[in-house]
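First up is the structure itself, then whatever we jot down about it.
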Amino acid sequence: MLRNLFLTALTSLMLMGTLFAGAPTRDDKDKEVKIKTSAICGMCKARIERNLAFEKGVKESDLDVKTKVVTIKYNPAKTDVSKLKANISKTGYDAEEVAADEAGYNKLPSCCKKGGGMAHQ
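Numbering (mature numbering (1 follows the signal peptide of the UniProt record, and there is no 0)), first residue to last: -21 to -1, 1 to 100.
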């Protein structure tokens, strides 16, 4: 009988360990941030979303061209808001208080630069 009690307790502990091992920790939960950009059109949208996809930890991104706000879902254990803003800046766009990187901005088509117009929505 003592042996059965011991095996039951051991099995319960193993089961609990299995259940909790798969449970996400606080740091594993994805976060979402909205960042105001200087994007103008659909080409800007594609460029920003494509470059964010290469950022480690980014799950998805969606730029609303009308509001110029990109919504990013990311893993905070792998990246943070400052890295996301730096990514957008290096792509050539302002990311709130982070100004567009000059080299990235110079690579943009003229229509995607500030004041370039919206001829290709």
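Think of the CB as a built atom: it goes at the ideal place given N, C-alpha and C, for glycine as much as any other residue.
Checklist entry - With I14 and V37 assumed to form a contact (beta carbons below 8 Å), what rounded beta-carbon distance in angstroms separates them? => result Along the sequence shown, read from residue 1 onward, the residue named residue 14 stands at position 35. Along the sequence shown, read from residue 1 onward, the residue named residue 37 stands at position 58. Contact flag wrong, Cβ pair sits at about 12 Å.
Checklist entry - For the alpha helix (DSSP H) that contains residue 117, what are its first and last residues? => result What is shown of the chain runs -21 to 100, which leaves residue 117 out entirely.
Item to check | beta strand (DSSP E) runs contained entirely in the segment 36 to 92, provided each spans 3 or more residues | outcome: 37 to 43 and 48 to 53
Next on the checklist: Quick check on the DSSP output: the alpha helix (DSSP H) that includes I14 runs from which residue to which?
Outcome noted: Residue numbering aside, residue 14 sits at position 35 when the sequence shown is read from its first letter. I14 -> not in any alpha helix (DSSP H); beta strand (DSSP E) instead, spanning K10 to K15.
Item to check | Backbone CA spacing between K10 and D59 [nearest angstrom] | outcome: Start at 1 with the first residue of the sequence shown, and residue 10 comes out as number 31. Start at 1 with the first residue of the sequence shown, and residue 59 comes out as number 80. One C-alpha to the other measures close to 9 Å.
Next on the checklist: By the three-class DSSP mapping on this structure, what secondary structure does G21 have?
Outcome noted: In the sequence shown, counting from the first residue as 1, residue 21 sits at position 42. G21 falls in the helix class under three-state DSSP.
Checklist entry - Given a threshold of 16 other Cβ atoms within 10 Å of its Cβ, counted over all protein chains shown, does A18 qualify as buried or as exposed? => result Locating residue 18 in the sequence shown gives position 39, counting from the first residue. A18 comes out buried.
Item to check | Expected contact under 8 Å - CB spacing of K47 and T16 to nearest Å | outcome: Taking the sequence shown and counting its residues from 1, one reaches residue 47 at position 68. Taking the sequence shown and counting its residues from 1, one reaches residue 16 at position 37. Right, the Cβ-Cβ distance comes to about 5 Å (below 8 Å), so this counts as a contact.
Checklist entry - Alpha carbon to alpha carbon, how far is A65 from G94? => result Within the sequence shown, the letter at position 86 stands for residue 65. Within the sequence shown, the letter at position 115 stands for residue 94. Roughly 22 Å between the two C-alpha positions.
Item to check | E28 (DSSP reduced to helix, strand or coil) | outcome: Here residue 28 corresponds to residue number 49 of the sequence shown, with the count starting at 1. Helix, per DSSP.
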